[in-house]
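Participant:
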Amino acid sequence: MKAVKRHSLSTLLVFFFFFILLFLGLFAEVFESQTPEVDIAQIYANPIPVDELQHIKNFKLTNKHGTFYFENTHPEADLSGPWQMVEPQVLKLKNDIVVKIIDALNVIRVRNFYRLEPINISSFSLDNPNLTLFFTNDENKNIEIKVGLINPIDNSAYLSLSRQDQIYQIDPIEMALESYDLAQLVESKVFALNSNSLNSFEIQNKDGTTLKISKRDDGWVDSTGIMLSDAKVSKFMDRLEEVKSYSILDQLTPEQQSFMENTTNTASYRLKIVSAQGVRNILISEIKGQLPGLAGVKNGSFALSNDDRKSFVLIEGHQLKVLQTKSSELK
192 MKAVKRHSLS
202 TLLVFFFFFI
212 LLFLGLFAEV
222 FESQTPEVDI
232 AQIYANPIPV
242 DELQHIKNFK
252 LTNKHGTFYF
262 ENTHPEADLS
272 GPWQMVEPQV
282 LKLKNDIVVK
292 IIDALNVIRV
302 RNFYRLEPIN
312 ISSFSLDNPN
322 LTLFFTNDEN
332 KNIEIKVGLI
342 NPIDNSAYLS
352 LSRQDQIYQI
362 DPIEMALESY
372 DLAQLVESKV
382 FALNSNSLNS
392 FEIQNKDGTT
402 LKISKRDDGW
412 VDSTGIMLSD
422 AKVSKFMDRL
432 EEVKSYSILD
442 QLTPEQQSFM
452 ENTTNTASYR
462 LKIVSAQGVR
472 NILISEIKGQ
482 LPGLAGVKNG
492 SFALSNDDRK
502 SFVLIEGHQL
512 KVLQTKSSEL
522 K
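Mapped onto the working numbering, the consecutive letters of the sequence shown carry residue numbers 192 to 522.
Structure (structure tokens):
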């Protein structure tokens, strides 16, 4: 009788543990955040559509230093540019920087996949990324790349892509773009001009328009329609591209910002550049008096800014002689 009871108890215990294991298995199946089912070969494939990034019209880079917006002046959106930073300052992007970025994206190696879901987005800091790259290519397709958590312990990073529902654990991008500042991105030269994509260029001073040149199928003309010398116009553009800045004013105090806004209210020059990329207006104003709290502004300096006037590029006055060019000098 005791043997039968022991047998029944053993059977009950077996069934009890079986149901416990079954329940735990179902619980894990329902609640576990699993890696998406993919071909194992994809683990090592590059998810970035680099083939769609061979001709880029513009791109935006956001990191801890702020947001930088760049336009490609090449008429066919070739990566070689030249590239113009439009925001926050008007400066020329370093010649090879875009090619290097695309090359770095081309060799990304993926270690693992995770679902693109709220808990993982938060865990891997993709809701507050260290780096965001937003590209628009020549077919007007937008590609956004976010890099969240960068883990120094296992030397990995977490990346998400627009139009994809996965998070990728990757080896860090070869270019540490999350820490790039203005000095690493741009040259001291101010203008990036490409005569092939320009439609017109206009200079105004306090008295009105002093130079306006426009491109037609048969060459450049002045405001009256008279043909200009292509060689002289090209040399004029080259001289413009040689204009350099010596400093940048940003993150100004309210008092300094007010001083600079008052300075640019009476612009010495206004440039209007119309190209395949759109219309850009640039203000150039002479700085008169002492900028509050700053001693590094040279006498006779001019400040160059966009319409928003949030930051300013400083230029020595002698560099702006090119803006006194008359159309008669281009014939």
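From the three backbone atoms N, C-alpha and C, an ideal C-beta is built for every residue, glycine too.
#1: Expressed to the nearest angstrom, what Euclidean distance is found between the alpha-carbon atoms of residue 477 and residue 293?
#2: Keeping to the same chain, check which residues put their C-beta closer than 7 Å to that of residue 438; ignore five residues upstream and five downstream.
#3: Using DSSP bridges, identify the partner residues of residue 298.
#4: Which residue comes first and which comes last in the beta strand (DSSP E) that contains residue 494?
#5: State the beta-bridge partners of residue 341 as determined by DSSP.
#6: Quick check: what's the CA-CA separation for residue 388 versus residue 266?
#7: For residue 471, which of 278, 247, 273 and 254 has the nearest alpha-carbon?
#8: Rounding to the nearest angstrom, what Cα-Cα distance links residue 415 and residue 519 in this structure?
#9: For a quick check, are the C-beta atoms of residue 382 and residue 335 less than 8 Å apart?
#10: CA-CA distance, residue 468 and residue 264?
#11: Are the CB atoms of residue 317 and residue 361 nearer to each other than 8 Å?
#12: Using 8 Å for Cβ pairs, my map puts residue 377 next to residue 284. What's the rounded Cβ distance?
#13: Which one of 461, 484 and 398 has the shortest CA to CA distance from residue 450?
#14: Beta-carbon separation of residue 473 and residue 459 under 8 Å?
#15: CA-CA distance, residue 245 and residue 491?
#16: Just to confirm before moving on: does the CB-CB distance between residue 328 and residue 248 stay below 8 Å?
#17: Tell me whether residue 333 is buried or exposed, calling it buried when 16 or more other Cβ atoms sit within 10 Å of its Cβ.
#18: When the Cα atoms are used, what is the spatial distance from residue 503 to residue 303?
#19: For the candidate residues 398, 251 and 430, whose alpha-carbon lies nearest to that of residue 262?
#20: Using 8 Å as the threshold, is the C-beta distance between residue 402 and residue 411 below it?
#21: Find the nearest neighbour of residue 495 within the set 345, 462, 365 and 515, judged by alpha-carbon distance.
#22: Buried or exposed: residue 406, going by 16 or more other Cβ atoms within 10 Å of its Cβ?
#23: With DSSP run on the structure shown, which of helix, strand or coil describes residue 224?
#24: Going by other Cβ atoms of all chains shown within 10 Å of its Cβ, with 16 needed for buried, is residue 404 buried or exposed?
#25: Could you check the C-alpha separation between residue 398 and residue 319 for me, to the nearest Å?
#26: Within the same chain, show all residues whose beta-carbon is closer than 7 Å to that of residue 229, passing over the 5 residues directly before and after it, in chain order.
#27: Less than 8 Å between the beta carbons of residue 390 and residue 271, yes or no?
#28: When we look at the beta-carbon of residue 369 and count the other beta-carbons within 10 Å, is it buried (16 or more) or exposed?
#29: Residue 512: buried (16+ other C-beta within 10 angstroms of its C-beta) or exposed?
#30: If residue 299 sits next to residue 346, beta carbons under 8 Å apart, how far is it from one beta carbon to the other, in whole angstroms?
#31: Look at the alpha carbon of residue 254 and the alpha carbon of residue 322, and state the distance between them as a whole number of angstroms.
Facilitator: On the basis of the data shown:
#1: Here the question's residue 477 lines up with position 286 in the sequence shown. Here the question's residue 293 lines up with position 102 in the sequence shown. Looking at the two C-alpha atoms, the distance is approximately 39 Å.
#2: Sequence index remark: in the sequence shown, residue 438 carries index 247 (1-based). Correct list, in chain order: 487 and 505.
#3: As a first step, residue 298 is located in the sequence shown; it is residue number 107 there, counting from the start. According to DSSP, which records beta bridges pairwise, residue 298 is partnered with nothing at all.
#4: Numbered from its first residue, the sequence shown carries residue 494 at position 303. 492-496 is the span of the beta strand (DSSP E), which, as asked, contains residue 494.
#5: One-based indexing of the sequence shown puts residue 341 at position 150. Beta-bridge pairing links residue 341 to 348.
#6: Locating residue 388 in the sequence shown gives position 197, where the first residue counts as 1. Locating residue 266 in the sequence shown gives position 75, where the first residue counts as 1. Each residue's alpha carbon lies about 5 Å from the other.
#7: Here residue 471 refers to the residue found at position 280 of the sequence shown. Of the listed residues, the one whose Cα sits closest to residue 471 is 278.
#8: Translated into the one-based positions of the sequence shown, residue 415 becomes position 224. Translated into the one-based positions of the sequence shown, residue 519 becomes position 328. For residue 415 and residue 519, the distance between alpha carbons rounds to 11 Å.
#9: Numbered from 1 along the sequence shown, position 191 holds the residue referred to as residue 382. Numbered from 1 along the sequence shown, position 144 holds the residue referred to as residue 335. For residue 382 and residue 335, no; Cβs fall outside 8 Å.
#10: Counting from one through the sequence shown, the residue named residue 468 turns up at place 277. Counting from one through the sequence shown, the residue named residue 264 turns up at place 73. Computed Cα separation, rounded: 7 Å.
#11: Residue numbering aside, residue 317 sits at position 126 when the sequence shown is read from its first letter. Residue numbering aside, residue 361 sits at position 170 when the sequence shown is read from its first letter. Against a cut-off of 8 Å, the Cβ pair of residue 361 and residue 317 comes out as no contact.
#12: Position 186 of the sequence shown, counting from 1, holds the residue named residue 377. Position 93 of the sequence shown, counting from 1, holds the residue named residue 284. About 6 Å separates the two Cβ atoms, so the contact holds.
#13: The residue you call residue 450 lines up with position 259 of the sequence shown. Taking only the C-alpha atoms, the option nearest residue 450 is 484.
#14: Along the sequence shown, read from residue 1 onward, the residue named residue 473 stands at position 282. Along the sequence shown, read from residue 1 onward, the residue named residue 459 stands at position 268. Result no, Cβ atoms of residue 473 and residue 459 do not sit closer than 8 Å.
#15: Sequence index remark: in the sequence shown, residue 245 carries index 54 (1-based). Sequence index remark: in the sequence shown, residue 491 carries index 300 (1-based). Near 43 Å, if we compare the C-alpha coordinates of residue 491 and residue 245.
#16: Along the sequence shown, read from residue 1 onward, the residue named residue 328 stands at position 137. Along the sequence shown, read from residue 1 onward, the residue named residue 248 stands at position 57. Taking 8 Å as the Cβ cut-off, residue 328 and residue 248 qualify as a contacting pair.
#17: For the purposes of this step, residue 333 is identified with residue 142 of the sequence shown, where counting begins at 1. Exposed, because fewer than 16 other Cβ atoms sit within 10 Å of the Cβ of residue 333.
#18: Indexing the sequence shown from 1 puts residue 503 at position 312. Indexing the sequence shown from 1 puts residue 303 at position 112. So the two alpha carbons sit approximately 44 Å from each other.
#19: Position 71 of the sequence shown holds residue 262. Ranking the options by Cα distance to residue 262, first place goes to 251.
#20: The residue you call residue 402 lines up with position 211 of the sequence shown. The residue you call residue 411 lines up with position 220 of the sequence shown. Contact flag unset, no.
#21: Locating residue 495 in the sequence shown gives position 304, where the first residue counts as 1. Taking only the C-alpha atoms, the option nearest residue 495 is 462.
#22: Numbered from 1 along the sequence shown, position 215 holds the residue referred to as residue 406. So residue 406 counts as buried.
#23: Here residue 224 refers to the residue found at position 33 of the sequence shown. A caution first: residue 224 carries a pLDDT of 45, below 50, which makes its placement in the model unreliable, though a value can still be read off. In this structure, residue 224 counts as coil in the three-state DSSP scheme.
#24: Residue mapping note: residue 404 aligns to position 213 of the sequence shown, counting from 1. By the 10 Å Cβ count, residue 404 comes out buried.
#25: In the sequence shown, counting from the first residue as 1, residue 398 sits at position 207. In the sequence shown, counting from the first residue as 1, residue 319 sits at position 128. Distance between the alpha carbons of residue 398 and residue 319: 49 Å.
#26: Position 38 of the sequence shown, counting from 1, holds the residue named residue 229. Because the pLDDT at residue 229 is just 48, under 50, the model does not fix this residue reliably, and the value given afterwards should be weighed accordingly. Result list for residue 229: 304, in chain order.
#27: Here residue 390 is taken as the residue at index 199 of the sequence shown, counted from 1. Here residue 271 is taken as the residue at index 80 of the sequence shown, counted from 1. Contact: no.
#28: As a first step, residue 369 is located in the sequence shown; it is residue number 178 there, counting from the start. Residue 369 comes out buried.
#29: Start at 1 with the first residue of the sequence shown, and residue 512 comes out as number 321. Counting Cβ neighbours within 10 Å, residue 512 comes out exposed, since fewer than 16 surround it.
#30: Sequence index remark: in the sequence shown, residue 299 carries index 108 (1-based). Sequence index remark: in the sequence shown, residue 346 carries index 155 (1-based). Wrong, their Cβ atoms sit about 14 Å apart, outside the cutoff.
#31: Here residue 254 corresponds to residue number 63 of the sequence shown, with the count starting at 1. Here residue 322 corresponds to residue number 131 of the sequence shown, with the count starting at 1. Answer to the nearest angstrom: the Cα atoms are 5 Å apart.
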